[in-house]
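The structure under discussion appears below in the form of structure tokens.
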Amino acid sequence: TDRVISLAGPVVNNPRLIRTTVGASLEDVTDNELMPGEVRVISGSVLSGTKATGPHAYLGRYHVQVSVLREGYEKELFGWAMPGKNKFSVTRSFLGHISKGQLFNM
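Each residue of the sequence shown is one higher than the last, beginning at 140 in my numbering.
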């Protein structure tokens, strides 16, 4: 059966809705759609989806979203405690709340 899914994320060149089949190969769905670099393809949402790699790189039965994120291998010593102006802050605990128009790569 066919299904309309969302292909979305910060590393997708053209985020949009795609018509595909249930159980479609996500390697075929994301082919020529992603920015270069190491990425994580998730069948479903980023909160409840499953990492789609190797033999598990298929659209889940109940999933209507494919999320693609940049793989986060960078480590920052005490990143949660170090102040900085380039950090997103809701509670104004970092200086990032001063620069209102700055975009952050989520």
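No residue lacks a Cβ here, since even glycine has one placed at the ideal position from N, Cα and C.
So D167 is in the alpha helix (DSSP H); what residue range does that whole segment cover? Numbered from its first residue, the sequence shown carries residue 167 at position 28. That run of the alpha helix (DSSP H) goes L165 to V168.
How many angstroms separate the CA atom of G188 from the CA atom of R179? Position 49 of the sequence shown holds residue 188. Position 40 of the sequence shown holds residue 179. Answer to the nearest angstrom: the Cα atoms are 11 Å apart.
Pick from K214, E215, V205 and R142: whose alpha carbon is nearest that of P149? As a position in the sequence shown, residue 149 is number 10, starting the count at 1. From the listed residues K214, E215, V205 and R142, the smallest Cα separation to P149 is found for V205.
Is it true that the CB of L165 sits closer than 8 Å to the CB of A147? To locate residue 147, count along the sequence shown from 1; it is residue 8. To locate residue 165, count along the sequence shown from 1; it is residue 26. Taking 8 Å as the Cβ cut-off, A147 and L165 do not qualify as a contacting pair.
Integer-rounded CB distance, given that L198 should sit under 8 Å from S144: To locate residue 144, count along the sequence shown from 1; it is residue 5. To locate residue 198, count along the sequence shown from 1; it is residue 59. Ser is not the amino acid found at residue 144; the sequence shown has Ile there. That belief holds up - the Cβ atoms of I144 and L198 are roughly 7 Å apart, short of 8 Å.
Would V168 be called buried (16 or more neighbouring beta carbons within 10 Å of its own) or exposed? If you number the sequence shown from 1, residue 168 lands on position 29. With 16 or more other Cβ atoms within 10 Å, it is buried.
Counting only the same chain and skipping the five closest in sequence on each side, list residues whose C-beta sits under 8 Å from that of T140. Numbered from its first residue, the sequence shown carries residue 140 at position 1. Answer for T140: T160 and V161, listed in chain order.
CA-CA distance, N171 and L186? For the purposes of this step, residue 171 is taken as residue 32 along the sequence shown, with counting starting at 1. For the purposes of this step, residue 186 is taken as residue 47 along the sequence shown, with counting starting at 1. Distance between the alpha carbons of N171 and L186 is about 25 Å.
For G193, which three-state DSSP category applies? As a position in the sequence shown, residue 193 is number 54, starting the count at 1. Here G193 sits in helix by DSSP.
Going by CA-CA distance only, name the one from M174, Y201 and V151 that's closest to G183. Working through the sequence shown from its first residue, we reach residue 183 at position 44. Closest by alpha carbon: Y201.
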